[in-house]
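Structure record follows, encoded as structure tokens.
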Amino acid sequence: LYKRLLGFSPGSNVLHFDVLGVLAYEADGQFDEHKAKGMVRLFRPDKFDEVSLIAFVQSCDGVYKKLRYLRASVGNSTLIDYVLENIFNAFFYFFLALAIMSVLKLNPWTLLVSLSTILVSFAFAVGPSAAKLIAGMMMIAIRRPYDLGDRISIVDITGKPDPDDPGYRDTWLVEDVNLFTTTLRLSRTNEVSSCNNGSLADTRIVNHNRSNNASVTILLPMKLSSTHDEVQVVKSAIEQYIQDNPRIWACLVNFRVAKVDPNMEMIVYSAKLQHVKNWQDLLPILQNKGDLEKFCTEILMQLGIQYDSPHSNTNIYVKEMLEQVPTEALGMET
97 LYKRLLGFSP GSNVLHFDVL GVLAYEADGQ FDEHKAKGMV RLFRPDKFDE VSLIAFVQSC
157 DGVYKKLRYL RASVGNSTLI DYVLENIFNA FFYFFLALAI MSVLKLNPWT LLVSLSTILV
217 SFAFAVGPSA AKLIAGMMMI AIRRPYDLGD RISIVDITGK PDPDDPGYRD TWLVEDVNLF
277 TTTLRLSRTN EVSSCNNGSL ADTRIVNHNR SNNASVTILL PMKLSSTHDE VQVVKSAIEQ
337 YIQDNPRIWA CLVNFRVAKV DPNMEMIVYS AKLQHVKNWQ DLLPILQNKG DLEKFCTEIL
397 MQLGIQYDSP HSNTNIYVKE MLEQVPTEAL GMET
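So for the sequence shown, the working numbering puts the first residue at 97; every next one is plus one.
Pasting the structure below:
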């Protein structure tokens with residue numbers, strides 16, 4: 097397909113985005129701006145408005161994965177809705193039977209009152225478990241905090257995020273969901289576990305797949321003697337790096353002073369950037385963050401403003417103790 101599209105750009109080995117931009121025109125010749133922005137977000141052309149073969153394949157593969165996840169999620173939602181339908185039908189037929197018995201002048205309450213003692217005892221016995229079961233069913237049926245394939249983090253309600261990116265490092269991949277249980281796979285160790293939905297209902301579930309455009313923060317320690325012009329050069333280099341990598345970074349959110357330490361003669365700048373992907377793609381984002389930190393470190397070293405921690409002199413005193421070692425312990429004869 098890519099080679100066929102190259103036929104519309106004669107003399108070029110790279111596909112120009114204008115060829116794909118034709119899809120933004122309607123049949124009557126009107127230009128759909130919303131569709132054009134969607135094409136830009138999908139293919140992410142470089143600064144020369146070109147889409148390489150690798151970028152084209154990656155974009156198409158991303159759409160294919162989303163469609164596969166959508167198909168699996170629709171199938172799973174259908175099964176959940178089917179179970180809910182059966183539950184509601186059971187309640188409907190129960191009350192319908194009571195109404196029919198009342199119309200036929202049959203008193204169903206006599207039977208229910210006679211069973212009240214058993215029902216009350218049963219309610220006290222299974223009350224807490226039934227409450228958790230209903231809470232889990234309501235979470236999946238109404239809240240739907242995750243879908244199949246989502247990367248999630250399960251934390252306590254009062255739990256604080258980590259200072260590093262992402263805020264919650266222990267992530268789980270959702271493999272199966274029904275009204276009663278959820279099957280999760282720990283992404284770090286590939287371990288599979290099954291959890292009751294009732295136990296998850298009282299926790300805070302962070303859905304990384306629904307958190308669009310991951311925000312990444314990098315810290316740049318500099319010498320306190322760094323001038324304003326040198327800092328502006330670092331900021332301009334980061335902005336140029338973002339423009340050169342439009343398929344990775346979206347924009348520079350802020351660039352500010354995070355810490356000043358006169359005793360250590362250090363000033364730390366914080367650069368917050370927005371990634372084009374969400375934290376669902378955890379490993380690629382961390383790799384891109386490492387590449388950016390390496391790039392910034394090289395810029396600081398070229399400008400001569402990279403902060404080097406002072407070497408601490410540690411004096412070690414060794415006290416020698418003369419001890420008389422028995423010759424028998426050394427296996428020697430006197």
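Just so you know, even glycine gets a beta-carbon here, dropped at the ideal spot from N, CA and C.
| query | result |
| --- | --- |
| Valine 372 versus aspartate 124: straight-line alpha-carbon distance, rounded | 33 Å |
| Same chain, Cβ closer than 6 Å to phenylalanine 307, five either side skipped, listed in chain order | In the sequence under discussion, the amino acid at residue 307 is serine, which differs from the phenylalanine named in the question. These residues qualify, in order along the chain: Asn374, Trp375. |
| C-beta contact flag for leucine 180 and glycine 232 at 9 Å | no |
| Serine 321 beta carbon less than 9 Å from that of isoleucine 401 | yes |
| Beta-carbon proximity list for tyrosine 403, same chain, < 6 Å, skipping 5 on both sides | Pro317, Met318, Lys319, Met362 |
| Residues sharing a beta bridge with glutamine 370, DSSP | Ser311, Cys347 |
| Straight-line gap, isoleucine 338 to glutamate 287 (C-alpha atoms, nearest Å) | 36 Å |
| Element boundaries [alpha helix (DSSP H), containing isoleucine 150] | 149–199 |
| Cβ neighbour criterion (16 or more within 10 Å) applied to tyrosine 121 | exposed |
| Bridge partner(s) assigned by DSSP for methionine 362 | Lys319, Asp357 |
| 6 Å CB neighbourhood of cysteine 347 in its chain, flanking five on each side removed | Gln370 |
| Per-residue burial, threonine 278 [other beta carbons within 10 Å of its own, 16 or more giving buried] | buried |
| Rounded straight-line distance, which links the Cα of lysine 385 to that of phenylalanine 391 | 10 Å |
| Inter-residue spacing [alpha-carbon to alpha-carbon] between leucine 163 and glutamate 389 | 34 Å |
| Check whether proline 204 and leucine 194 have beta carbons under 9 Å apart | yes |
| Residues near asparagine 109 in its chain [Cβ-Cβ closer than 7 Å; skip 5 each side] | none |
| Counted within 10 angstroms of its Cβ, other Cβ atoms place arginine 265 as buried (16 or more) or exposed | exposed |
| For serine 105 and valine 115, believed in contact at Cβ under 8 Å, the rounded distance | 6 Å |
| For tryptophan 205, the three-state DSSP class (helix, strand or coil) | helix |
| Supposed contact pair arginine 284 and glutamate 271 - C-beta distance, whole angstroms, cut 8 Å | About 15 Å separates the two Cβ atoms, so there is no contact after all. |
| Within 9 Å, strictly: CB atoms of isoleucine 314 and serine 366 | yes |
| Inter-residue CB distance, leucine 111 and glutamate 146 (contact presumed, cutoff 8 Å) | 7 Å |
| Residues near arginine 300 by beta carbon distance below 8 Å, same chain, minus five either side | Ile250, Val251, Asp252, Ile253, Gly255 |
| Straight-line gap, leucine 269 to alanine 226 (C-alpha atoms, nearest Å) | 27 Å |
| DSSP state of isoleucine 301 mapped onto helix, strand, coil | strand |
| Contacting residues, own chain, Cβ-Cβ under 7 Å from cysteine 291 (five flanking each side not counted) | Thr277, Thr278, Leu280 |
| When Met135, Tyr165, Leu275, Pro262 are compared against methionine 234, the one with the closest alpha-carbon | Leu275 |
| Candidates Lys228, Asn303, Val159, of which the one nearest glycine 134 by Cα | Val159 |
| Reduced DSSP category for glutamine 126 - H, G, I as helix; E, B as strand; rest coil | coil |
| Beta-carbon proximity of aspartate 246 to histidine 324, cut-off 9 Å | no |
| Pair within 9 Å by beta-carbon distance, glutamate 326 and leucine 399 | yes |
| Opening and closing residue of the alpha helix (DSSP H) in which arginine 100 lies | 98–102 |
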